[in-house]
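**Q** Provided herewith is a single structure, encoded as structure tokens, for subsequent inquiry.
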Amino acid sequence: MADTDPPRVVATDAALDLIRRLQAEHGPALMFHQSGGCCDNSAANCYLPTDLTIGAQDVHLGEVGGVPFYIGKLQYEYWKHTQLILDVIEGHGGTFSLEGSTGLAFHTRSRLFTDEEWAQIAAQVERDLA
């Protein structure tokens, strides 16, 4: 994506704080994967890179707090017109997510891209495929 393209994923200050907390505990190398709802509903789960294999079935949306954020291709098809907003709520995180025992949980919100933003993104995708 070009520097002027709208980010596909962003994080709130609360999410960035929790990321830093997890990095202090587990090390700087973390990753996110937006769950498709199989085990932990539809949630952004935080993992160590060795905990989950990322492959051709996943789409890299960007980074939040320097941490890569992925989503499965099938779920991406439903959400591709939206910007994902990583936030934090009180409660228990996903069973497999690193924040599960903190009393906090990562929570994904979304907003539709404007027509202008989507045109920028679609043009970049076309350039990437060419």
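Going by the numbering used here, the sequence shown opens with residue 12, and the numbers climb by one from there. All C-beta atoms, glycine included, are put in the ideal place defined by N, C-alpha and C.
Under 6 Å Cβ to Cβ from A55, same chain only, skipping five residues before and after it: list those, please.
**A** Position 44 of the sequence shown, counted from the start, is the residue given in the question as residue 55. Sequence-distant partners of A55 (beyond 5 residues in either direction) whose C-beta falls short of 6 Å from its own C-beta, in its chain, are F43, Q45, L97, F117 and T119.
**Q** Beta-carbon separation of Q94 and P18 under 8 Å?
**A** Residue 94 sits at position 83 when you count from the first residue of the sequence shown. Residue 18 sits at position 7 when you count from the first residue of the sequence shown. Cβ distance < 8 Å, so Q94 and P18 count as in contact.
**Q** Following the continuous beta strand (DSSP E) through A116, name the residue where it begins and the one where it ends.
**A** Translated into positions along the sequence shown, residue 116 becomes position 105. Unbroken beta strand (DSSP E) run through A116: L115 to L123.
**Q** Could you tell me which of H92, G114 and L109 sits nearest to I100, measuring between CA atoms?
**A** Here residue 100 corresponds to residue number 89 of the sequence shown, with the count starting at 1. The candidate whose alpha carbon is nearest that of I100 is G114.
**Q** Taking only three categories from DSSP, how would you classify P17?
**A** The residue given as residue 17 occupies position 6 in the sequence shown. In the structure shown, P17 sits in coil (DSSP, three-state: anything other than H, G, I, E or B).
**Q** Write down the C-beta distance between P60 and H71 rounded to the nearest angstrom, noting that I regard them as a contact closer than 8 Å.
**A** Counted from its first residue, the sequence shown places residue 60 at position 49. Counted from its first residue, the sequence shown places residue 71 at position 60. No, P60 and H71 are not in contact; Cβ-Cβ is about 13 Å, not under 8 Å.
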